[in-house]
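Worksheet: the structure to be examined is printed underneath.
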Amino acid sequence: MTVLHNIRLVDPVGNGSPAPKGNGSTASDFDSSASTGAELVDVEFSSTITSIRPATNPDPAAARFLVPGLIDTHVHLGERSRLIDAVRSGLTTVVDLGTHPDSLVHELQADDALPAIISAGSAASAPGSTQIEMMGFPAESGVTSPDDAKRFLDWRVDNGADLIKIIIEDPAATEVPALSIETLRAIVDGAHARGLLTVAHVVTAAAFDRGLDADVDVLTHAPLDRALEPRTLDRMRECGTVVSPTLVMMRAMADARLGDHADAAFAVVFDNVRAMLAAGITVIAGTDANETPFAPVHHGPSLHDELDYLITAGMTTGEAIRAATSSAAEALNLRDRGRIVEGARADLVLVDRDPITDVGALRTPAEVWVAGVSRHRS
Ligand SMILES: [Zn+2]
């Protein structure tokens, strides 16, 4: 049992006070100016938060700030040491959207010193796709037809997948093989029937439309090629599609691949994210952290870079924190975390300065707890 005294809660949805469970809050409830708790509290926890009560000895000048553990909604796994870096940066959950073999995922998931790992394992793609080659996925990840979707999903479920990742290419824009709409639908419907969320890789505007046609839950990356059509934004809002744009990765990819065209391409990506935010679409924080030589992105610090990008694109600081905590958890159906409320997992980040007025404070946490166990202390 740990008790933290004289704490200000930074939990944008709850406006600092313990909120009822199964909250019906929406982004519009949120007011960044009110998001750091006015009341000083003592927080008691073991693996879950057991009590939040008024501070026994309130001392505003000495108060410290407690934030829900950060969630990176798009990573790839590799070296254990990289995930230690993630914990040091305040990440308590990472969502793996493509790692092979499954045995590596299971080994890292069993390692208590690391963030919690939610994993898709290998991603579904068209047989012969560049993703299979680039990410080192096995041949089984190639889905040949709608009928073959069942085999792929059974294979993923048998290997412990928590969600399903799909590579959606634009057949008109690339020479690489692309999954057909019928096959995409069979994968998404089958995943939903098994109670699993679907997340799709999409880097062109046409691929975004195909993701909507297939009824994918979360689209990741953002179009590099052109602005999303207003009707696409409307559909996304109507369908409740969530986007994890991975701006840090889009920047790294543009720099690695597009030479003189990199800045212009990134401007297209950035404007698309700005448009999604303006259209009221739920945007969550993800980085595509990975260790490939092609466009490496560092686990941990990159999530803070992503928050900076999201703020530049139009989020308030509180909204950006929410994009890496409560809103990420809600979008990915991780109902036990992302909030500082009694009963939630004790995934917590303690910082010395108010991150609502200085989001950079989150980069160097004073202490980080994963499920109530201190895993980093500065
Ligand atoms: Zn990725």
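Numbering-wise, this note's numbering puts 198 at position 188 of the sequence shown, and it's gapless, one number per residue. Heads up, the beta-carbon is just placed ideally off N, CA and C, and yes, glycines get one too. Remember, predicted model here, so these are calculated numbers, not experimental data.
#1: Would you identify the three-state DSSP class for residue 67, choosing helix, strand or coil?
#2: In the DSSP assignment, the alpha helix (DSSP H) including residue 240 goes from what residue to what residue?
#3: Measuring CB to CB, does residue 365 end up less than 8 Å from residue 104?
#4: Can you list, in chain order, the residues of its chain with a C-beta nearer than 7 Å to that of residue 248? Leave out the 5 residues immediately preceding and following it.
#5: Nearest by alpha-carbon distance to residue 355: which of 336, 181, 287, 170 is it?
#6: For the alpha helix (DSSP H) containing residue 186, list its first residue and its last residue.
#7: Got a sec, what are the start and stop residues for the beta strand (DSSP E) residue 129 sits in?
#8: Excluding the five sequence neighbours on either side, which residues of its own chain have a C-beta within less than 6 Å of the C-beta of residue 192, listed in chain order?
#9: What is the chain-ordered set of residues for which the beta carbon lies under 6 Å from any non-hydrogen atom of ligand 1?
#10: For residue 86, I'd like the list of residues in its chain whose CB is within less than 6 Å of its CB, leaving aside the five on either flank, ordered along the chain.
#11: If I follow the unbroken alpha helix (DSSP H) through residue 345, where does it start and stop?
#12: Residue 11: buried (16+ other C-beta within 10 angstroms of its C-beta) or exposed?
#13: Across the stretch 57-73 and the stretch 254-274, are there enough close Cβ pairs to call them in contact, namely three or more that are closer than 8 Å?
#14: Keeping to the same chain, check which residues put their C-beta closer than 6 Å to that of residue 279; ignore five residues upstream and five downstream.
#15: Using beta-carbon positions only, say whether residue 212 and residue 194 come within less than 8 Å of one another.
#16: Quick check: the Cα distance between residue 370 and residue 98, rounded to an integer number of angstroms?
#17: For residue 324, which residues from the same chain have a beta carbon less than 6 Å from its beta carbon, with the 5 sequence-adjacent residues on both sides left out?
#18: Between the Cα of residue 162 and those of 343, 126, 200, 190, spot the shortest distance and give me the residue it belongs to.
#19: Just the Cα atoms here: how many angstroms apart are residue 256 and residue 343?
#20: Check this for me: beta carbons of residue 113 and residue 172, under 8 Å apart or not?
#21: Does the contact criterion of 3 or more C-beta pairs under 8 Å hold for the stretch 126-141 versus the stretch 176-184?
#22: Looking at residue 79 and residue 357, is the spacing between their C-beta atoms short of 8 Å?
#23: Nearest to residue 13 by CA position, among 372, 382, 207, is which residue?
#24: Who are the near neighbours of residue 116 in its chain, counting only those whose CB is closer than 8 Å to its CB and skipping five residues on each side?
#25: Taking the continuous beta strand (DSSP E) assigned at residue 280, which residues delimit it?
#26: May I have the straight-line CA-CA distance separating residue 93 from residue 298, to the nearest angstrom?
#27: Work out the CA separation of residue 68 and residue 262 for me, nearest whole Å.
#28: Grab the span of the alpha helix (DSSP H) containing residue 210 for me, first residue to last.
#29: Residue ranges of each beta strand (DSSP E) run of no fewer than 3 residues wholly in the stretch 307-385, ordered along the chain?
#30: Going by DSSP in three states, residue 55 sits in which element: helix, strand or coil?
Taking the definition as stated:
#1: Translated into the one-based positions of the sequence shown, residue 67 becomes position 57. Coil, per DSSP.
#2: If you number the sequence shown from 1, residue 240 lands on position 230. Run containing residue 240: 240-249, per the alpha helix (DSSP H) assignment.
#3: Locating residue 365 in the sequence shown gives position 355, counting from the first residue. Locating residue 104 in the sequence shown gives position 94, counting from the first residue. Result no, Cβ atoms of residue 365 and residue 104 do not sit closer than 8 Å.
#4: Here residue 248 corresponds to residue number 238 of the sequence shown, with the count starting at 1. Closer than 7 Å at Cβ, skipping near neighbours: no residue.
#5: Reading the sequence shown from its first residue, position 345 is the one you call residue 355. Comparing alpha-carbon positions, the option among 336, 181, 287, 170 lying closest to residue 355 turns out to be 336.
#6: Position 176 of the sequence shown, counted from the first residue, corresponds to residue 186. For residue 186, there is no enclosing alpha helix (DSSP H), as DSSP marks it with neither H nor E.
#7: In the sequence shown, residue 129 corresponds to position 119, counting from 1. Boundaries of the beta strand (DSSP E) harbouring residue 129: 126-129, taken from the DSSP string.
#8: Walking along the sequence shown from the start, residue 192 turns up at place 182. Same-chain partners within the cutoff: 156.
#9: A residue is listed when its beta-carbon falls short of 6 Å from at least one non-hydrogen atom of ligand 1; in chain order these are 84, 86, 107, 108, 298.
#10: Position 76 of the sequence shown, counting from 1, holds the residue named residue 86. Cβ neighbours of residue 86 beyond the five flanking positions: 108, 109, 300.
#11: The sequence position of residue 345 within the sequence shown is 335, counting from 1. Where residue 345 is concerned, there is no enclosing alpha helix (DSSP H), given that its DSSP letter is neither H nor E.
#12: Stepping through the sequence shown from its first residue, residue 11 is reached at position 1. Flag for residue 11 reads exposed.
#13: Result no; under three Cβ-Cβ pairs closer than 8 Å.
#14: For this step, residue 279 is matched to residue 269 along the sequence shown. The residues are 232, 234, 260.
#15: Stepping through the sequence shown from its first residue, residue 212 is reached at position 202. Stepping through the sequence shown from its first residue, residue 194 is reached at position 184. No, they are not a contact pair.
#16: Numbered from 1 along the sequence shown, position 360 holds the residue referred to as residue 370. Numbered from 1 along the sequence shown, position 88 holds the residue referred to as residue 98. One alpha carbon belongs to residue 370, the other to residue 98, and they sit about 14 Å apart.
#17: Here the question's residue 324 lines up with position 314 in the sequence shown. Excluding sequence neighbours, residue 324 sits near 284, 287.
#18: Taking the first residue of the sequence shown as position 1, residue 162 is located at position 152. Cα-wise, what sits closest to residue 162 is 200.
#19: As a first step, residue 256 must be located in the sequence shown, where it is residue number 246. As a first step, residue 343 must be located in the sequence shown, where it is residue number 333. Rounded to whole angstroms, the gap between the alpha carbons of residue 256 and residue 343 is 19 Å.
#20: Here residue 113 refers to the residue found at position 103 when the sequence shown is read from its first residue. Here residue 172 refers to the residue found at position 162 when the sequence shown is read from its first residue. In this structure, residue 113 lies away from residue 172, with their beta-carbon atoms at least 8 Å apart.
#21: Between the stretch 126-141 and the stretch 176-184 there are three or more inter-stretch CB-CB distances shorter than 8 Å, so the stretches are counted as touching.
#22: Along the sequence shown, read from residue 1 onward, the residue named residue 357 stands at position 347. Along the sequence shown, read from residue 1 onward, the residue named residue 79 stands at position 69. Yes, Cβ-Cβ distance for residue 357 and residue 79 is below 8 Å.
#23: Here residue 13 refers to the residue found at position 3 of the sequence shown. Nearest C-alpha to residue 13: 382.
#24: Translated into positions along the sequence shown, residue 116 becomes position 106. Taken in chain order, the residues that qualify are 170.
#25: Counting from 1 along the sequence shown, the entry for residue 280 is found at position 270. Careful: residue 280 lies outside any beta strand (DSSP E), inside the alpha helix (DSSP H) at 272-288.
#26: Indexing the sequence shown from 1 puts residue 93 at position 83. Indexing the sequence shown from 1 puts residue 298 at position 288. Rounded to whole angstroms, the gap between the alpha carbons of residue 93 and residue 298 is 13 Å.
#27: Indexing the sequence shown from 1 puts residue 262 at position 252. Indexing the sequence shown from 1 puts residue 68 at position 58. For the pair residue 262 and residue 68, the Cα-to-Cα distance works out to about 46 Å.
#28: By one-based count along the sequence shown, residue 210 stands at place 200. Not the alpha helix (DSSP H): residue 210 falls in the beta strand (DSSP E), residues 208-211.
#29: 358-361, 377-380, all fully within the stretch 307-385.
#30: To locate residue 55, count along the sequence shown from 1; it is residue 45. For residue 55, the secondary structure class from DSSP, reduced to helix, strand or coil, is strand.
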